[in-house]
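*Asks:* My structure is below; once you've seen it, I'll send some questions.
In our numbering, the protein residues as written are 11 to 153.
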């Protein structure tokens with residue numbers, strides 16, 4: 011569990027459920043999956059204790075029309091939107107709330123080094139991952 015999630019160990023009854031319902035409100039399969047997930051059992055911990063930056067990033071990810079996956083924390087826990095479901099293929103619905111190395115399974119040996127390069131400062135990483143298929147990962151530069 012991330013340090014931010016560990017900071018709070020007690021919660022009022024229903025606090026976690028209402029935080030989940032608020033953050034993941036709306037229609038769509040990814041939001042429904044996020045509402046049904048036991049976030050306390052994930053490395054991110056209870057939604058009620060997520061840092062505001064994580065909650066905001068998750069909301070932006072879920073609202074995007076484009077295939078978007080958020081990888082958060084040391085374990086790169088995945089939150090994705092509806093447009094990303096076809097990218098996940100058979101890994102959906104199990105990818106939500108899991109570390110990327112687990113969620114992406116046999117793709118992680120290819121994607122993991124690309125993510126590491128991007129997180130190491132290479133803000134646009136492109137690789138051909140299959141016949142006729144290119145993977146591009148872009149991170150905004152911190153300025």
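Note that CB positions come from ideal geometry on N, CA and C, so glycine has one too.
Please indicate yes or no: does the CB of residue 31 lie closer than 6 Å to some heavy atom of the ligand ADP?
*Replies:* Looking at this structure, you won't find the ligand ADP or any other ligand, since it has none at all.
*Asks:* Pick helix, strand or coil for residue 80, following the three-state DSSP scheme.
*Replies:* It is a strand residue.
*Asks:* Expressed to the nearest angstrom, what Euclidean distance is found between the alpha-carbon atoms of residue 113 and residue 122?
*Replies:* So the alpha carbons of these two residues sit roughly 11 Å apart.
*Asks:* How long is the line joining the alpha carbons of residue 86 and residue 110, rounded to whole angstroms?
*Replies:* Each residue's Cα considered, the two are about 6 Å apart.
*Asks:* Going by C-alpha to C-alpha distance, which of 75, 81, 56 and 76 sits closest to residue 67?
*Replies:* When each option's Cα is compared against that of residue 67, the closest is 81.
*Asks:* Taking all protein chains shown into account, decide if residue 116 is buried (16 or more other Cβ within 10 angstroms of its Cβ) or exposed.
*Replies:* Per the 10 Å Cβ criterion, exposed.
*Asks:* Based on DSSP bridge pairs, tell me the residues matched to residue 109.
*Replies:* Partner(s): 87.
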